[in-house]
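Asks: Quick one: this structure, given as structure tokens, is what I'll be asking you about.
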Amino acid sequence: MDHTRATVEELAGFDALIDARSPSEFAEDHIPGAINCPVLDDQQRIIVGTLYKQVSAFDARKVGAVLVARNVATYIETMFADKPKGWTPLVYCWRGGQRSGAFTHILREVGWSAKRLTGGYKSWRGHVIEQLAVVPQALRFTVIAGPTGSAKTRILEAMQQQGQQVLNLEALAAHKGSVLGDLPGQPQPSQKMFETQVLSAVQQFDPARPVYVESESKRIGQLRVPDAVFQGIQDGQWLRVQASMEQRVQFLLRDYDYFLSGPELVTQLERLKESCGGETVTRWKGLAQARDFATLVGELLAQHYDRFYLRSMNKHAEGADHSRFATNDLSDAGIAALAREIGARSDAT
Numbered sequence: 003m004d005h006t007r008a009t010v011e012e013l014a015g016f017d018a019l020i021d022a023r024s025p026s027e028f029a030e031d032h033i034p035g036a037i038n039c040p041v042l043d044d045q046q047r048i049i050v051g052t053l054y055k056q057v058s059a060f061d062a063r064k065v066g067a068v069l070v071a072r073n074v075a076t077y078i079e080t081m082f083a084d085k086p087k088g089w090t091p092l093v094y095c096w097r098g099g100q101r102s103g104a105f106t107h108i109l110r111e112v113g114w115s116a117k118r119l120t121g122g123y124k125s126w127r128g129h130v131i132e133q134l135a136v137v138p139q140a141l142r143f144t145v146i147a148g149p150t151g152s153a154k155t156r157i158l159e160a161m162q163q164q165g166q167q168v169l170n171l172e173a174l175a176a177h178k179g180s181v182l183g184d185l186p187g188q189p190q191p192s193q194k195m196f197e198t199q200v201l202s203a204v205q206q207f208d209p210a211r212p213v214y215v216e217s218e219s220k221r222i223g224q225l226r227v228p229d230a231v232f233q234g235i236q237d238g239q240w241l242r243v244q245a246s247m248e249q250r251v252q253f254l255l256r257d258y259d260y261f262l263s264g265p266e267l268v269t270q271l272e273r274l275k276e277s278c279g280g281e282t283v284t285r286w287k288g289l290a291q292a293r294d295f296a297t298l299v300g301e302l303l304a305q306h307y308d309r310f311y312l313r314s315m316n317k318h319a320e321g322a323d324h325s326r327f328a329t330n331d332l333s334d335a336g337i338a339a340l341a342r343e344i345g346a347r348s349d350a351t
């Protein structure tokens, strides 16, 4: 048995998780709570890789060893300088090979009980895929449905503040779920990072209590909702929020104020040509340029979003009896009151 290695199942037993991969690898996905201490940064990896291909493996390893030793020494002098002898870090790289092996060896030579993750990040990724197929099946999803502008995400946020279990997929995906749902200056995470975040969230839930989630399509922006989560939503108890067109328009004017007043709106409307026609989109562009946002939002709801919502609801709810929650108040106070009503009625059933 190799006492310098550990498995994914042992992650919780360590004081720190050290990701020895490059910053770009770390940015794509990493184990929750890990800190990035690359033994080779992105540029250094290119240098070593080029030497390996164009000169020789020996020359590449020689240069790589210098860079790795120098980088690890810097971490010891700075980030780890105050760590006591009993500190127990776990180091991982892509496959649990040379990068984490070298890092772990140096830390152990100092006197810390460092270990490296068997299989590296790849073993973690396999764990995520495996658990995402299992954990959601034990949960009881209660689905907040309603046409665009019904404040579904805000209702979920209010319910979370009120102590309910909430899986906010749009927050994790950094996207509002609609064709115009991109968030300004906030790119979506990678698919791998999204799945890691979803797993981290669902693992915290008590299966004996409902988990509230928004009705979502299979994709949120560029990201795919994990299969078991999507199926859990389809099989869950659906609650329909009903609000007037006027209330929905006013809510969206507030919720999308950053987007309506920005330069991206006219460009993004182009994406609706296929479903709504060029003549209609041209009209909408004119409304946007004239800053008649109330009319624009009303027409977008009536002619685009509501059509697709009704189609998806009819497909899902053929003959289903959904609980309905009507409201004429989508202000912050009205949303909080609606969230309490939904939570109270669900808890009583």
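Position in the sequence shown (first residue = 1) + 2 = the numbering used here. All C-beta atoms in this analysis are idealised placements derived from N, C-alpha and C, irrespective of residue type, glycine included.
Looking only at its chain, what residues have a beta carbon closer than 8 Å to the beta carbon of Ala290, apart from the 5 residues adjacent to it on each side?
Replies: Answer for Ala290: Leu262, Leu267, Val268, Leu271 and Leu298, listed in chain order.
Asks: Is the beta carbon of Ala203 within less than 7 Å of some heavy atom of the ligand SAM?
Replies: As far as ligands go, the structure on display features none, and thus does not contain the ligand SAM.
Asks: With Ile146 as the anchor, note down where its beta strand (DSSP E) starts and where it stops.
Replies: Arg142 to Ala147 is the extent of the beta strand (DSSP E) around Ile146.
Asks: Could you say if the stretch 207 to 216 and the stretch 128 to 143 meet the contact criterion of at least three C-beta pairs nearer than 8 Å?
Replies: Result yes; three or more Cβ-Cβ pairs closer than 8 Å.
Asks: Which partner residues does Asn38 have in the DSSP bridge list?
Replies: According to DSSP, Asn38 bridges with Asp21.
Asks: Under a Cβ-count criterion, where at least 16 other Cβ atoms within 10 Å of its own Cβ denotes burial, should Ser314 be classed as buried or exposed?
Replies: Classification of Ser314: exposed, given that the 10 Å Cβ count is below 16.
Asks: DSSP puts Gln239 in a beta bridge; with which residues?
Replies: Note: Gln239 sits in a beta bridge opposite Thr144.
Asks: Using DSSP's beta-bridge definition, name the partner residues of Asp184.
Replies: Asp184 pairs with His177.
Asks: Keeping to the same chain, check which residues put their C-beta closer than 7 Å to that of Met247; ignore five residues upstream and five downstream.
Replies: Answer for Met247: Gly300 and Leu303, listed in chain order.
Asks: To the nearest angstrom, how far is it from the Cα of His32 to the Cα of Ala116?
Replies: Going by the C-alpha atoms only, they are around 19 Å apart.
Asks: So, is Pro191 buried or exposed, given that buried needs 16 or more other C-beta atoms within 10 angstroms?
Replies: Classification for Pro191: buried.
Asks: Sorted by chain position, which residues of the same chain lie with C-beta nearer than 6 Å to Gly121's C-beta, five sequence neighbours on each side aside?
Replies: Once the five neighbours on either side are set aside, the close Cβ partners of Gly121 are Gly98.
Asks: Rounding to the nearest angstrom, what Cα-Cα distance links Gly223 and Tyr307 in this structure?
Replies: Roughly 15 Å between the two C-alpha positions.
Asks: Checking the sheet assignment: what are the DSSP bridge partners for Lys275?
Replies: Looking at the DSSP assignment, Lys275 forms no beta bridge with any residue, so it has no partner.
Asks: Quick test of the definition: if touching needs 3 or more C-beta pairs under 8 Å, does the stretch 271 to 285 touch the stretch 160 to 177?
Replies: No, the stretch 271 to 285 does not touch the stretch 160 to 177.
Asks: Alpha carbon to alpha carbon, how far is Asp4 from Trp89? Give it in angstroms, no decimals.
Replies: If I take the Cα positions, the gap works out to 19 Å.
Asks: I need the boundaries of the beta strand (DSSP E) containing Gln167, first residue and last residue.
Replies: Counting along the chain, the beta strand (DSSP E) containing Gln167 begins and ends at Gln167 to Leu169.
Asks: Identify the residues that DSSP records as bridge partners of Thr329: which are they?
Replies: Paired residues: Ala245.
Asks: What did DSSP end up calling Arg72 once you bin it into helix, strand or coil?
Replies: Three-state DSSP puts Arg72 in a helix.
Asks: Looking at the strands, I want to know which residues DSSP matches up with Ile222.
Replies: Its beta-bridge partners are Leu225.
Asks: At a cut of 8 Å, does the stretch 212 to 221 reach the stretch 122 to 136 through at least three beta carbon pairs?
Replies: Result no; under three Cβ-Cβ pairs closer than 8 Å.
Asks: In terms of DSSP beta bridges, what is Lys117 paired with?
Replies: Note: Lys117 sits in a beta bridge opposite Leu92.
Asks: Return the first residue and the last residue of the beta strand (DSSP E) that Tyr214 is part of.
Replies: Pro212 to Glu216 is the span of the beta strand (DSSP E), which, as asked, contains Tyr214.
Asks: Mapping DSSP to helix, strand and coil, what is Ala8?
Replies: Strand at Ala8.
Asks: Roughly how many whole angstroms lie between the Cα atoms of Asn73 and Val57?
Replies: Those two C-alpha atoms are separated by around 23 Å.
Asks: Which residues in the same chain have their Cβ closer than 7 Å to the Cβ of Ser357, if we skip the five residues on either side of it in sequence?
Replies: Since the displayed the chain opens at 3 and closes at 351, residue 357 lies outside it and no answer follows.
Asks: For Ala22, count neighbouring C-beta atoms within 10 Å of its own C-beta (all shown protein chains included) and say buried if the count is 16 or more, exposed if not.
Replies: Ala22 should be labelled buried.
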